[in-house]
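Below is one structure; the comments refer to it alone.
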Amino acid sequence: MTALTGPLARVRAQVSTRSQRRDLRAALLFISPWAVGFLVFTAWPLLYSAYLSLTDYDVLNDPSFIGLENYRTLLEDDKIALSLRNTIFYTVIQVPAYVLVSLGLAMLLNQAGRAAGFFRTAFYLPNMTPPVAVGVLLLLIFNGQNGLINEVLGFFGIDGPSWTTDPNWVKPAIIVMSLWSVGGSVIILLAALRNVPTELYDAARVDGAGPWQRTWSVTLPMISPALFFVTVVNTIAAFQTFTETYTAFFGSGNSTYSNDAALFFSIYLFQQAFQFLNMGYASAMAWVLFVIIMVITVIQLRVSRRLVYLEGEQR
């Protein structure tokens, strides 16, 4: 038996190795569609856009290398500063409003009982609306003369502003309209609320905590990972907002003074790429936007270490 131990061990090792190789080949085969898609549709365009950002390229002619000239031009372009200010203003106001409205609706749904299923579907249905249709709705609902919003305000004796033509009210109108699609975040937060242990609420009641104290001390800490996820995802989306605003204020091709108030960074990037055919300059803009989003996301991740409660993690 002792003499056979060595050969048997080698056979087992070979069989194990062959099995592992077979499993590895099967795993690679299964992930190959994703890997090919990632390389062709994500990695390669990403690397090529980095190259184009260093060139003068108008689609019609071959790219010519100009180094960092596109990035230097970014610093001198007044529209870059304008579009960044508009985008940052929109993000700073829209993201907290989006999260608060989503949380409020989710907490109401959590108390809805049997009707929760119906309202959950009703809140999510607007997410199925095409973004172009939302842009058209924005113009109809916020029309300064006979729009729905001003009609409602007029019923209460309030003279509504010119939402779509007054530069001071264009971004607030876009922000309010963006709340049309809170349904996805509502579903995420509702799922988090349903997973909060009821024992924690019972213990808080025994300690004499009221509804607001229970919300602040139990609900918010326990759903903080979901709140953090919703905040990060919507921050990234806010910096890239495009379709609805472009449809409402730029899609017709008309140039009005309100357009500058609605000129977000992604819209100006699109104009440079497909309207003016400055693909090299647009690629540089895309990389600047990528860096801005990455820096903000890293900051959010660092802040989350203090604000986000992870169950089982020692503090």
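Each residue of the sequence shown is one higher than the last, beginning at 592 in the working numbering. Every residue, glycine too, gets a C-beta built ideally from N, C-alpha and C. As the structure is a computational prediction, the values presented were derived from the model and not from experiment.
Item, Value
"Going by beta carbon distance, what residues of the same chain come within less than 8 Å of asparagine 701, once the five residues before and after it are set aside?", "Ala707, Leu781, Leu784, Arg785"
"Tyrosine 792: which of Thr810, Ser776, Ile779 sits nearest, CA to CA?", "Thr810"
"Phenylalanine 820 to aspartate 647, Cα distance in whole Å?", "38 Å"
"With H, G and I counted as helix, E and B as strand and the rest as coil, what does DSSP make of serine 610?", "helix"
"With the cut-off set at 8 Å, would you say alanine 828 and leucine 729 are in Cβ contact?", "no"
"Could you tell me which whole alpha helix (DSSP H) segments of length 4 or greater appear in the region 822 to 879?", "834 to 840, 856 to 861"
"Less than 8 Å between C-beta atoms, sequence neighbours within five positions excluded: which residues of the same chain meet that for threonine 847?", "Bear in mind that the predicted position of threonine 847 carries a pLDDT of just 45, short of 50, making it unreliable; the figure below should be weighed with that in mind. So the list reads Thr756, Phe840, once near-sequence residues are dropped."
"To which residues does DSSP link threonine 646 through a beta bridge?", "Phe656"
"When the distance is taken between beta carbons, is isoleucine 884 closer than 8 Å to phenylalanine 833?", "no"
"Give the single residue among Asn869, Trp803, Ser815, Ala853 whose Cα lies nearest to the Cα of tyrosine 900.", "Ser815"
"Evaluate valine 627 with the Cβ neighbour count: other Cβ atoms within 10 Å of its Cβ, from every protein chain shown; 16 or more gives buried, anything less gives exposed.", "exposed"
"For glutamine 905, which residues in the same chain have their Cβ closer than 7 Å to its Cβ, ignoring the five residues on either side in sequence?", "Since pLDDT at glutamine 905 reaches only 48, below the 50 mark, its modelled position is unreliable, and the value read off the structure follows with that caveat. Once the five neighbours on either side are set aside, glutamine 905 has no close Cβ partner at all."
"Within 10 Å of its beta-carbon, does lysine 762 have 16 or more other beta-carbons around it, so buried, or fewer, so exposed?", "buried"
"My understanding is that serine 655 touches serine 874, with C-beta atoms under 8 Å, so please give their C-beta distance in whole angstroms.", "So it is not a contact: roughly 14 Å between Cβ atoms."
"Let me make sure I understand the geometry here. Which of Asn869, Leu620, Leu659, Leu818 has the alpha-carbon closest to that of leucine 892?", "Leu818"
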